[in-house]
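Visitor: Here it is: the structure, laid out below.
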Amino acid sequence: YTYIIIFRSMGKLLVAIVIGLCAIAWRVHENMDMGRTIYNHRPGICREVHGPVKGSEDMELIRSEGIAFVTSGVLYLQPSRAHIEGKMFLYDFNQKVGTDQLKAKEIPIKGDSFDQDNFHPHGLTHWVVNGVIRLYVIVHDDEFKHRSRVFDYDPKGPALIHKKTIKHPTFIRPNDLVAVGPDQFIFTNDGAAQTEFTNTLEILVGYNAGSVYYWDGKDSHKLLSGMGGTNGIVYDNENNKLFIAESYYKRLNAYDLSKDKKSVTQLSTVNLYSGCDNLFLDSDGSVYGGCHPVLIEAAKSLGDCEGEATSPSQILRVRFDKEYTATAISEIYINQVGCIQTLSYN
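The sequence shown: position 19 = 23 (this note's numbering), numbered continuously.
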């Protein structure tokens with residue numbers, strides 16, 4: 005009788021384990037977009053911009069100057085890429101060259117306190133301080149430690165002048181940031197794991213370690229936590245609104261930012277059914293997202309930055325009404341294998 009009870013208990017345990025594994029497998033299958041079909045289309049001709057070649061994670065448009073700053077040499081959960089030299093590039097939208105010769109030029113970084121050997125730029129943002137364009141750049145070092153580097157742009161060089169480095173324990177695994185004032189920014193942590201293996205476990209078990217913090221120039225304040233792959237972030241300065249992408253949940257969230265910037269109120273959530281990375285806020289209030297429609301392929305490509313792996317890319321546009329409810333979602337671009345691979349920014 006005792007053996008029967010033991011076997012029954014073991015049988016129930018085995019069934020529970022099998023059900024649990026099946027649930028995890030199904031979640032991975034759905035979340036990683038396995039088996040998704042891509043139908044290619046694009047709004048026009050796609051032209052390559054020459055220059056950055058070692059993985060560009062973000063770019064920052066300066067509308068008033070007709071230029072954009074581009075990061076290169078990202079190091080993300082991959083110590084094997086520590087030998088890659090991180091760089092910054094400058095793209096001039098007014099350059100007078102043929103369409104097949106578009107180029108982003110490397111911009112030198114100056115400053116005695118700047119450590120070039122531990123510079124792997126990720127997300128970036130800017131604010132104009134006393135008439136000077138100031139860049140705030142998320143940086144990972146060779147050991148995958150995190151901080152924000154602050155640079156002033158010298159257009160005469162042109163060059164970036166390193167001003168200071170911001171370190172804080174709340175830079176857990178920073179991905180993107182957006183300036184909300186002089187030396188003030190809001191940044192996203194897309195997770196907590198610091199290695200590829202632990203990051204995989206974090207995803208498999210559904211541990212939501214994403215968070216959002218506000219840096220007030222001296223200290224950090226938590227705005228959000230328990231999020232799934234908190235990624236791109238943009239700020240509507242005129243209306244004091246935040247838009248944040250959650251890559252794992254494939255959605256875009258809109259928030260009202262308090263006057264002291266130390267709390268947020270959620271206004272809406274838009275299901276995009278695509279893992280959006282970085283965001284761009286258009287002058288008409290529309291939010292564009294550079295997305296990964298097949299996350300499993302994006303993961304393979306990110307793990308093989310210097311190899312031949314490719315990943316589909318997608319650009320979505322979301323329009324909002326006055327209450328910040330999405331009124332229209334348009335797919336501007338999508339391609340299985342095209343000139344844009346593993347899209348990070350549109």
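Even glycine gets a Cβ: it sits at the ideal position worked out from N, Cα and C.
The structure presented is a predicted model; accordingly, all values stated were derived computationally and were not measured.
Taking the alpha-carbon positions, what's the Pro316 to Val238 distance?
Guide: The residue given as residue 316 occupies position 312 in the sequence shown. The residue given as residue 238 occupies position 234 in the sequence shown. Using only the alpha carbons, I get a separation of about 23 angstroms.
Visitor: Give the range of the beta strand (DSSP E) segment to which Leu94 is assigned.
Guide: Stepping through the sequence shown from its first residue, residue 94 is reached at position 90. Leu94 -> beta strand (DSSP E) spans Lys91 to Asp96.
Visitor: Is it true that the stretch 101 to 116 meets the stretch 124 to 137, where meeting means three or more beta-carbon pairs spaced less than 8 angstroms apart?
Guide: They do not touch, by the three-pair rule.
Visitor: Excluding the 5 residues flanking Ile248 on each side, which residues of the same chain have their C-beta closer than 6 angstroms to its C-beta?
Guide: Counting from 1 along the sequence shown, the entry for residue 248 is found at position 244. Taken in chain order, the residues that qualify are Ile237 and Asn257.
Visitor: Would you mind stating whether Asn282 and Leu261 have Cβ atoms separated by less than 8 angstroms?
Guide: Counting from 1 along the sequence shown, the entry for residue 282 is found at position 278. Counting from 1 along the sequence shown, the entry for residue 261 is found at position 257. No. Outside cutoff.
Visitor: Out of Ser272, Val19, Ser76 and Ile336, which has the shortest C-alpha to C-alpha gap to Leu437?
Guide: With the chain represented from 5 up to 350, any question about residue 437 goes unanswered, as that position is not in the structure.
Visitor: Helix, strand or coil for Glu335 per DSSP?
Guide: Within the sequence shown, residue 335 is the residue found at index 331, counting from 1. In this structure, Glu335 counts as strand in the three-state DSSP scheme.
Visitor: Give, in chain order, every unbroken run of the beta strand (DSSP E) that is at least 3 residues long and sits entirely within the stretch 163 to 229.
Guide: Taking only runs of at least 3 residues, the beta strand (DSSP E) segments lying wholly in the stretch 163 to 229 are 163 to 170, 178 to 185, 188 to 193 and 214 to 219.
Visitor: What's the call for Ala108, buried or exposed, on a 16-neighbour Cβ count within 10 Å?
Guide: Indexing the sequence shown from 1 puts residue 108 at position 104. Ala108 comes out buried.
Visitor: Given 8 angstroms as the limit, is there contact between the stretch 151 to 167 and the stretch 197 to 209, that is, 3 or more CB pairs closer than that?
Guide: Counting Cβ pairs under 8 angstroms, fewer than three are found: no touch.
Visitor: Glu61: buried (16+ other C-beta within 10 angstroms of its C-beta) or exposed?
Guide: Numbered from 1 along the sequence shown, position 57 holds the residue referred to as residue 61. Glu61 comes out buried.
Visitor: At what residue ranges does the stretch 19 to 88 contain a whole run of the beta strand (DSSP E), taking only runs of 3 or more?
Guide: Segments of the beta strand (DSSP E) lying fully in the stretch 19 to 88: 63 to 66 and 71 to 76.
Visitor: Using CA atoms only, rank isn't needed, just tell me which of Leu94, Asn241, His150 and Arg138 is closest to Asp194.
Guide: Residue numbering aside, residue 194 sits at position 190 when the sequence shown is read from its first letter. The candidate whose alpha carbon is nearest that of Asp194 is His150.
Visitor: If I measure Cβ to Cβ from Gly232 and keep anything under 7 angstroms in the same chain, skipping five residues before and after, which residues do I get?
Guide: The residue you call residue 232 lines up with position 228 of the sequence shown. Here the set comprises Asn212, Gly214, Glu250, Tyr252 and Tyr253.
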